[in-house]
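Written out below as structure tokens is the structure these notes cover.
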Amino acid sequence: MHRQRACALSRFIIKARFLIEMKLYQEYLNYLSDLIFPGICPVCEKAPYQDGLSYMCLECEDLLAWITKNGCKYCGIPMSGFDFNGLVCAGCREDPPRFKRGKCLFLLDQNGKKIIHEIKYHGVKDVLKDLPRWLNRNDSFREFLHDSILIPVPLHRKRLRKRGFNQSVWIANAFKKDLGDRVQVIDALTRTRNTETQTEFDRIERKKNVKNAFALKHKNGLNKQNKLILIDDVYTTGATLDECAKALMQEGFQNVNVATLGHG
Ligand SMILES: [Zn+2]
Ligand SMILES: [Zn+2]
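Take the sequence shown: its position 66, counted from the start at 1, is 323 in my numbering, and no numbers get skipped.
Quick look at the structure:
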């Protein structure tokens, strides 16, 4: 009997290892294809880059739904052509977040989603080489980031181990690369619970899912006067960013803001 159980257990371990290796193998294949076919534009999936400097082709970059004006004070969504700093959209009026202000670079239409997908699921950091040009599309974005501390939204250690990288850290570092000494990146938060993927969740479920899931890891380099900006890849309902803001505010930080690439 013991012997049978031991056999079943060893079969289970072999199968689990096989599945893990397959996953890594697929990631490795993605990585190799990016090395062999660099710069295949994630939007049109055709044009290889021509100048060696940009990742997405410039024609496709023009097709993205850029947020060029000041949108909702909290979530950054454009509001029927208004460019007034301080308006609040209906969603944020109904359920105001804790953080002070927020900004996003583009809307998550089909093209915007492809960009995020390339970074988050294909692990292509090079897409972010284009970030300085993206920032040129919105006059107030750099100004918003100036003289702040960028804090990436953390992944749980288990998800980080599985994915191998945190895209929010990449994005924060890409902002830093563009802005130089005007900003600092401090990985100050930790995710204390491994929350479920939120893709299928509505606003209320998302809030519940991330409730109390974050904590301050350390205060090194932070002081109460700092302007803090939480960085994430996308702004959906703002639930995750708001929970991160809560974790910082409970520690006495009041000037908490958010910035993401996509909104939707
Ligand atoms: Zn293209
Ligand atoms: Zn809003």
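Glycine included, every Cβ here is placed at the ideal spot set by N, Cα and C.
Beta-carbon contacts of residue i that lie in its chain and below 7 Å, excluding the five residues immediately before and after
i, result
"ASN451", "HIS413, LYS415 and ARG416"
"LYS474", "ALA445, LEU446 and THR447"
Residue i, enclosing beta strand (DSSP E) - first and last residue
i, result
"PRO409", "405-409"
"ALA472", "471-473"
"THR517", "513-520"
"ASP396", "Element bounds for ASP396: not the beta strand (DSSP E) but the alpha helix (DSSP H), 396-402."
"CYS349", "Segment 347-351 is the alpha helix (DSSP H) holding CYS349; no beta strand (DSSP E) there."
"ARG448", "446-448"
"GLN441", "440-442"
"LYS303", "From DSSP, LYS303 is part of no beta strand (DSSP E); its letter is neither H nor E."
"LEU388", "LEU388 -> not in any beta strand (DSSP E); alpha helix (DSSP H) instead, spanning 388-392."
"LYS360", "359-364"
Any non-hydrogen atom of ligand 2 within 7 Å of residue i CB
i, result
"GLY348", "yes"
"VAL345", "yes"
"ILE324", "no"
"CYS298", "no"
"ILE376", "no"
"ILE334", "yes"
Proximity winner among the options, relative to residue i (alpha-carbon distances)
i, options, result
"GLY519", "PRO353, ILE372, LYS386 and ASN430", "ILE372"
"ASN477", "GLU508, LYS465 and THR497", "GLU508"
"THR497", "VAL300, LEU436 and THR449", "THR449"
"ARG390", "ARG418, PHE432, ASN512 and PHE356", "PHE432"
"ASN480", "ASP366, GLN441 and PHE401", "GLN441"
"ILE324", "LYS377, GLY369 and ASP438", "GLY369"
"CYS361", "ILE408, GLN424 and ASN395", "ASN395"
Any non-hydrogen atom of ligand 1 closer than 7 Å to residue i Cβ
i, result
"GLU316", "yes"
"VAL522", "Residue 522 is absent from the structure shown; the chain starts at 258 and stops at 521."
"CYS361", "no"
"CYS329", "no"
"CYS301", "yes"
"MET506", "no"
First and last residue of the uninterrupted alpha helix (DSSP H) at residue i
i, result
"LEU412", "It is not in any alpha helix (DSSP H) - LEU412 carries neither H nor E in the DSSP assignment."
"THR497", "496-506"
"ILE486", "No alpha helix (DSSP H) holds ILE486; the beta strand (DSSP E) holding it covers 485-492."
"GLN424", "424-436"
"LYS465", "460-467"
"CYS317", "315-320"
Other residues of its chain near residue i: CB distance less than 8 Å, five sequence neighbours each side excluded
i, result
"PHE458", "ASN466"
"TRP427", "ILE376, LYS382 and LEU385"
"LEU436", "ARG399, LEU402 and HIS403"
"GLU462", "GLN455"
Cutoff 6 Å; reference residue i; Cβ partners in own chain excluding five residues on either side
i, result
"LEU364", "ALA322, HIS520 and GLY521"
"CYS298", "ALA304, MET313, CYS314 and CYS317"
"SER311", "ASP387"
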